[in-house]
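Position 137 of the sequence shown, counting from 1, maps to 640 under the numbering used here, and the rest follow consecutively.
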Amino acid sequence: MRVSLLLLRPTLTFLSLSAVLLLGYVGLLRARPYEDGGLRDFLLPPEGCPAPCWAGIQPGVTTVDEALLLLDAHEWIITPRLADNFQRSIGWGGIYWTWNDQQPAFIDTTRISYLNARDGLIQAIELRVNAPFGEVLLVLGPPQSQSFATLTQTRIIPHHAYFDPLLTTESAVPCPITPTALYGAPVSVNLTRQRYIPAYQYDEIVGMLSKRPC
């Protein structure tokens, strides 16, 4: 369930001073040379592979067998495999792999990255990284839009940011939401052709940081 607009809607007259300063800080960092350690190349599609694309795999285009071959040839991956419950007859299920310890440090090997397939085609790519949301902002710039959901029992807010082209990040932000918590939360990256209808524009989310929605 999304957080109520009545609780989260920022004022229309001005952003909070802390939010303005935070935006200025991010802008200053983006204006300076930034060594991303390969994060940009990891997130953005390679040349000749239209987005959404990762490692030559395109959701909605690449078949299951093609994806297995591409994963097997990848310099950071070993033992690509179908999930135990993969249904070959309908081409439905997950595809997993093991990182070979040659991958960049921003890849999170403690969480499982995977591909989702349906009707014999890859439909989505889920990549788990250690990079915080703030670093993703430095690499990709502000997202076109964002949304929150609320889990009141655990006091965790799932946060989604929608970047063009067809890349979404997801992070879990503890309550109360603060700039440090939001921008420091590690993200998961989703690549899919599915389009979302997000709840808020970027400037609205920034304005919420002083509102303490939870």
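Backbone N, C-alpha and C define an ideal beta-carbon position, used for all residues, glycine too.
All of these numbers come straight from a predicted model, not from anything done at the bench.
Judging by CA-CA distance, which residue of the options is the nearest neighbour of residue i?
i, options, result
"THR601", "ALA576, ILE560, PRO562 and ALA627", "ALA576"
"PRO555", "PRO682, TYR665, SER650 and LEU669", "LEU669"
"ASP667", "ASN603, LEU643, THR613 and PRO562", "LEU643"
"GLY541", "GLY594, ALA608, GLY596 and GLN590", "ALA608"
"ASP544", "THR566, LEU618, ILE610 and ILE581", "ILE610"
"ALA620", "ALA586, ILE660, THR671 and TRP557", "ALA586"
"SER640", "TYR665, ILE659 and TYR617", "First, the amino acid is wrong: residue 640 is Leu here, not Ser. Nearest option by C-alpha distance: TYR665."
When the Cα atoms are used, what is the spatial distance from residue i to residue j?
i, j, result
"ILE598", "ILE615", "10 Å"
"ASN603", "ALA652", "35 Å"
"ASP568", "PRO549", "20 Å"
"ALA684", "SER592", "44 Å"
"SER648", "GLU673", "13 Å"
"VAL559", "GLN605", "Per the sequence presented here, residue 559 reads as Gly, with Val not at that position. The alpha-carbon atoms of GLY559 and GLN605 are separated by roughly 19 Å."
"GLU638", "GLY596", "31 Å"
"PRO645", "GLN697", "20 Å"
"THR613", "GLY551", "31 Å"
"GLU538", "VAL632", "17 Å"
"LEU618", "SER650", "24 Å"
"TRP557", "THR565", "11 Å"
"GLY563", "THR695", "8 Å"
"THR671", "PHE636", "11 Å"
"GLN561", "ILE659", "32 Å"
"GLN590", "LEU547", "30 Å"
"GLY594", "ALA634", "32 Å"
Determine, for residue i, whether the minimum Cβ-Cβ distance to residues of chain E falls below 8 Å.
i, result
"PRO679", "In the displayed structure, chain E is absent; only one protein chain is listed."
Anyone know if the C-beta pair for residue i and residue j falls short of 8 Å?
i, j, result
"VAL676", "HIS662", "yes"
"PRO583", "LEU571", "yes"
"GLU629", "ASN693", "yes"
- request: Pair every Cβ in the stretch 576 to 587 with every Cβ in the stretch 675 to 695, then say whether three or more of these pairs are closer than 8 Å.
  value: Verdict: no, contact absent.
*Please go through the stretch 537 to 616 and give each complete beta strand (DSSP E) segment of 3 or more residues, from N-terminal end onward.*
580 to 585 and 596 to 602
(message) I'd like to know if the stretch 669 to 685 and the stretch 610 to 628 are in contact, where contact means that at least 3 CB-CB pairs between them fall below 8 Å.
(response) no
Runs of 4 residues minimum, wholly inside the stretch 629 to 661: which ones carry the alpha helix (DSSP H) assignment?
List check, alpha helix (DSSP H) in window: 636 to 643.
List in chain order: all unbroken beta strand (DSSP E) runs of 3+ residues lying wholly within the stretch 670 to 699. 670 to 677 and 689 to 695
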